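A.B. asks:
There are 2 protein chains.
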Amino acid sequence: MTVSEPADPGLVALAQDFREALRHSIYLVRRLDADGELSAAQLSTLKMLMEGGPTSREPSGVRVGDIARNLGVKVPSATEQIIKLERAGLARREPDPHDARAVRVALTEAGLAAVDAANERRNAVMAGILSSLSDGDRAALAAALPVIGKINATLQA
Amino acid sequence: MTVSEPADPGLVALAQDFREALRHSIYLVRRLDADGELSAAQLSTLKMLMEGGPTSREPSGVRVGDIARNLGVKVPSATEQIIKLERAGLARREPDPHDARAVRVALTEAGLAAVDAANERRNAVMAGILSSLSDGDRAALAAALPVIGKINATLQA
DNA sequence: CCTAACAGTTAGGCTACCTAACTATGACCG
DNA sequence: CGGTCATAGTTAGGTAGCCTAACTGTTAGG
């Protein structure tokens, strides 16, 4: 990519609008997270444990480094969240049988229940918000979500 | 609104997907904010000053309470940002001529320049990300932005 | 073995929020 | 007027979530 693409004005306009939408969405996100119980960071962590957990063929649990990578944070930040979850009884840490340096983190029963409950409550709040939209608006939103997903996936890499 | 709308499953699914998209977008937002210079909170504050500032018929500047309301934070949080901006020479505080309790906050020249520069840099980063999408994807995204805007506007009220 | 790479934790620091308590001014009303 | 209540903002103190740097212990390779 050479430096000076003259920067397609339409592209920049879209970029600007998208940025603006994301910026204002902080509001929405805060509303969702206000449900109490579980913070956004902790819910994300628990979700990661759920996905990577019993399903995967690994002995059990997810490694701290993988959690950090998946959440887009540094390892110490992941450790911090894990410790909090452990203290809350939602996750547990065990040594990795194959590598004594590593740690396997897994959901507890309570953790699983907490994810479900939190998801349900947040979905309900969001559904309430979306219910005031027209069908057309909802369709437009639905059509854009895969695109946003694509963008986010690109970024992870 | 009675309690038990049976909760249209399609609506809940959309809610779930949208939540997921927003959650993953933290990544994107962090990428954008990593440009240094100005934090997201400070850029938002400066933007608010720009919009509500010289344009409005008010003597000059925006009141702290209005800034807080607009940014969706409490007054002390706004004060904090304003003080930082002031120390950085990007904003200035002056007494309100009509109400000695109130404070008027306005952009300085340097503040104006900083907003422009930060916007430009962030737009460029975002445009770069969006440039890898297909035309169809970009169209879908563009179509959804007004909807997201509508949601956010509803929430403000 | 011994050194280098790796996994995670600990320590310390920062930003952006929050609530509660305080100061000062304005507005209402008898 | 003068008292009381409301309003605008600041100050004080606390929390969550992130970071980097430094440390501990483990594995892997020459």
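Residue numbers (the working numbering), protein chains in the order written: chain A, 1 to 157; chain B, 158 to 314.
Each residue gets a CB set at the ideal place from its N, CA and C atoms; glycine is no exception.
Predicted model only: the values in this text are computed from it and were never measured.
#1: Closest by CA to E20 (chain A), which one among B:Q173, B:G306, B:T311, B:Q313?
#2: Evaluate contact between the stretch 35-51 of chain A and the stretch 101-108 of chain A, counting only Cβ atoms and requiring at least three cross-stretch pairs below 8 Å.
#3: Terminal residues of the continuous beta strand (DSSP E) containing A102 (chain A)?
#4: So what does DSSP say about D8 (chain A), is it helix, strand or coil?
#5: Thinking just about the alpha-carbon of each residue, which of A:A118, A:P76, A:S44, A:V125 is nearest to the one in E37 (chain A)?
#6: Taking the beta carbon of V304 (chain B) as the centre, do at least 16 other beta carbons fall within 10 Å, making it buried, or is it exposed?
#7: Under three-state DSSP, which class holds E251 (chain B)?
#8: Can you look up V147 (chain A) in the DSSP assignment and give me helix, strand or coil?
#9: Nearest to P95 (chain A) by alpha carbon, out of A:S60, A:R69, A:A124?
#10: Mind pulling the alpha helix (DSSP H) runs of 4 or more residues that sit fully within the stretch 166-195 of chain B?
#11: Is the Cβ of K231 (chain B) closer than 8 Å to any Cβ of chain A?
#12: Given that H29 (chain A) touches chain B, what residues does it touch there, using C-beta distances under 7 Å?
C.D. replies: The structure says:
#1: Selected option, being the one with the closest Cα: B:G306.
#2: Proximity of the stretch 35-51 of chain A to the stretch 101-108 of chain A meets the contact definition, three or more beta-carbon pairs being nearer than 8 Å.
#3: A102 (chain A): member of the beta strand (DSSP E) spanning 99-107, first to last residue.
#4: DSSP places D8 (chain A) in coil when its eight states are reduced to three.
#5: Per the Cα distances, A:A118.
#6: Buried: at least 16 other Cβ atoms inside 10 Å.
#7: In the structure shown, E251 (chain B) sits in a strand (DSSP, three-state: E or B).
#8: Three-state DSSP puts V147 (chain A) in a helix.
#9: Among A:S60, A:R69, A:A124, the Cα nearest to that of P95 (chain A) belongs to A:S60.
#10: Whole alpha helix (DSSP H) segments, 4+ residues: 166-190.
#11: It does not; no Cβ of chain A falls within 8 Å.
#12: Sequence inspection shows Val at residue 29 (chain A); the His mentioned does not correspond to that position. Within chain B, the residues L179 have their CB atoms less than 7 Å from the CB of V29 (chain A), given in chain order.
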